[in-house]
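All residue numbers for the sequence shown refer to our numbering, where the first residue is 235 and numbers rise by one.
To start, the structure itself, in structure tokens.
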Amino acid sequence: PNAKGPVLDAAYAYLNWWLSGWPGAVMARQGYYIGNPARSRDYLSAAEWDYWYAGLPAREQLLGSDGLPLIDAGEIRDGGSYEERMGHIAVWNSVMNEHNYLVRRWNDILRASGKSSAKAR
235 PNAKGPVLDA
245 AYAYLNWWLS
255 GWPGAVMARQ
265 GYYIGNPARS
275 RDYLSAAEWD
285 YWYAGLPARE
295 QLLGSDGLPL
305 IDAGEIRDGG
315 SYEERMGHIA
325 VWNSVMNEHN
335 YLVRRWNDIL
345 RASGKSSAKA
355 R
């Protein structure tokens, strides 16, 4: 690792803080998810958990992370529960089949023009 000693310790402390639950609850109140939602449950009310993670209608008005009203009672979050929302994520190959060919041709053009090309990644 690049970090050592106190810097490495601080980096791990920061990561552990992010995974501790409270930051995830703050993120949930903004409509975002964190990698370990179970740790956030202790920092959300039952009504908040049901709305943000279970996909149930808000049983009461819910406040945002700024303490102001954000969600009205009875409101339902688009997309359903956390599991349903995560089940709709699709990942596709964002590098086209012709990528390597195009990079080689681009480098040919740069060489022909006398400009240096970036190193291949």
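We put the CB at the ideal spot given by N, CA and C, even for glycine.
Predicted model only: the values in this text are computed from it and were never measured.
{"Check": "Under the three-state DSSP convention, the category Pro271 falls into", "Outcome": "helix"}
{"Check": "Start-to-end residues for the alpha helix (DSSP H) that takes in Ile343", "Outcome": "333 to 346"}
{"Check": "Three-state secondary structure (DSSP) of Val240", "Outcome": "It is Pro, not Val, that sits at residue 240 in the sequence shown. Helix, per DSSP."}
{"Check": "Residue range of the unbroken alpha helix (DSSP H) whose run includes Pro257", "Outcome": "256 to 262"}
{"Check": "Residues that DSSP places opposite Ile305 in a beta bridge", "Outcome": "Leu296"}
{"Check": "Top-ranked residue by Cα proximity to Trp256, from Asp306, Arg339, Gly269", "Outcome": "Gly269"}
{"Check": "Buried or exposed by the 16-neighbour rule on C-beta atoms within 10 Å, applied to Ala354", "Outcome": "At Ala354, the pLDDT of 48 sits below 50, so the modelled position is not reliable and the matter cannot be decided from this model."}
{"Check": "Unbroken alpha helix (DSSP H) run spanning Gly321, endpoints", "Outcome": "316 to 321"}
{"Check": "Whole-number beta carbon distance between Ala292 and Ala307, since they are thought to touch under 8 angstroms", "Outcome": "5 angstroms"}
{"Check": "Presumed contact (8 angstroms Cβ cut-off) between Glu282 and Leu296, rounded CB distance", "Outcome": "6 angstroms"}
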